[in-house]
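K.L.:
Sharing a structure, written as structure tokens. Questions coming.
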Amino acid sequence: YVVALAAELERVAQALLDAWSAGFAESISEAGESDDELYPTLPAALGAMVQQAAVLIELIRGDKLAKPLGDSAGGVPQPEKAESQFSQRGMQDILDNLDGVRMLLFGAESPEVLGLSRYLERLKPQLSSRLRVRFEAATAACAEVRLPLTEAVVRAPELLRSAEKALGDLQRMIQVDVLGALSVSVGFSGNDGD
Numbered sequence: 003y004v005v006a007l008a009a010e011l012e013r014v015a016q017a018l019l020d021a022w023s024a025g026f027a028e029s030i031s032e033a034g035e036s037d038d039e040l041y042p043t044l045p046a047a048l049g050a051m052v053q054q055a056a057v058l059i060e061l062i063r064g065d066k067l068a069k070p071l072g073d074s075a076g077g078v079p080q081p082e083k084a085e086s087q088f089s090q091r092g093m094q095d096i097l098d099n100l101d102g103v104r105m106l107l108f109g110a111e112s113p114e115v116l117g118l119s120r121y122l123e124r125l126k127p128q129l130s131s132r133l134r135v136r137f138e139a140a141t142a143a144c145a146e147v148r149l150p151l152t153e154a155v156v157r158a159p160e161l162l163r164s165a166e167k168a169l170g171d172l173q174r175m176i177q178v179d180v181l182g183a184l185s186v187s188v189g190f191s192g193n194d195g196d
């Protein structure tokens with residue numbers, strides 16, 4: 003059984019590597035310039051990336067926070083539903099997720115990576131600065147939780163609820179204002195419950 007499992011794991015890992023290695027970056031950077039059906043236009047490529055950032059934030063709210071808080075268990079905290087419960091990295095995992103969203107939205111100084119906000123500054127300058135404020139508020143609310151997630155759901159649920167609300171505000175801004183500025187509509191995600 004273990005040998006078969008290892009072979010299957012290797013097959014899936016190779017499929018993932020192939021999917022990411024097979025010109026994915028080019029399909030985004032060359033959107034609208036080639037016959038690529040994945041992203042026929044640059045706005046479609048940008049919209050897909052931004053939508054996935056919003057989906058990640060929704061996942062943080064709905065799975066990484068709401069489940070351990072007990073939202074689907076009548077409000078009874080479920081610390082065993084916390085991500086990374088044994089390593090106690092649940093909140094750090096969330097902050098790491100947000101760091102990835104930050105890179106997409108705002109880029110990085112080293113190495114110099116331009117973020118979406120640079121493009122938004124041309125379209126709607128006020129939106130770019132409002133997005134940064136909203137993002138920083140959500141990140142700060144998550145960083146405020148200094149306990150392991152398994153403990154915070156019992157001892158500091160109000161901090162988690164504050165983080166959940168700030169993340170919801172950020173998600174709505176991304177899905178309504180940012181995607182609207184890009185003239186892209188919100189698509190469905192795996193979290194829609196269909």
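Residues in the sequence shown are numbered consecutively from 3, following this note's numbering. We put the CB at the ideal spot given by N, CA and C, even for glycine. For clarity, every value in this text was computed on a predicted model and none was experimentally measured.
At the level of alpha carbons, what is the spacing between D196 and A75?
P.N.:
Reliability of the predicted coordinates at D196 is poor, the pLDDT of 46 falling under 50, and no value is obtained from them.
K.L.:
Starting from the Cα of A183, find the closest Cα among A143, L151, L118 and V156 and give me that residue.
P.N.:
It is L118.
K.L.:
Is the beta carbon of I176 closer than 8 Å to that of V4?
P.N.:
No, these two residues do not count as a Cβ contact at 8 Å.
K.L.:
Please name the residue in L7, E39, S131 and V57 whose C-alpha comes closest to that of G170.
P.N.:
The option with the nearest alpha carbon to G170 is V57.
K.L.:
Short of 7 Å in beta carbon distance, which residues of its chain neighbour V78, apart from the five on each side in sequence? Order them along the chain.
P.N.:
Within the same chain, V78 has close Cβ partners G72.
K.L.:
Secondary structure at A158, three-state DSSP: helix, strand or coil?
P.N.:
Of the three classes helix, strand and coil, the one that applies to A158 here is coil, per DSSP.
K.L.:
Going by the beta-carbon positions, is the gap between K69 and Q80 smaller than 8 Å?
P.N.:
Yes. Within cutoff.
K.L.:
What is the DSSP secondary structure of D196, counted as helix, strand or coil?
P.N.:
Below a pLDDT of 50, predicted positions are generally treated as unreliable, and D196, at 46, falls in that range; the measurement from the model is reported next regardless. It is coil, neither helix nor strand.
K.L.:
Decide if the segment 120-127 is in contact with the segment 161-170; the criterion is three or more beta carbon pairs, one per stretch, under 8 Å apart.
P.N.:
Contact between the segment 120-127 and the segment 161-170 is absent, because fewer than three Cβ pairs lie under 8 Å.
K.L.:
Can you confirm whether G64, when its beta carbon is compared against all beta carbons of chain C, has any partner nearer than 8 Å?
P.N.:
In summary, chain C is missing from the structure at hand, where a single protein chain is found.
K.L.:
When we look at the beta-carbon of F137 and count the other beta-carbons within 10 Å, is it buried (16 or more) or exposed?
P.N.:
Result: buried.
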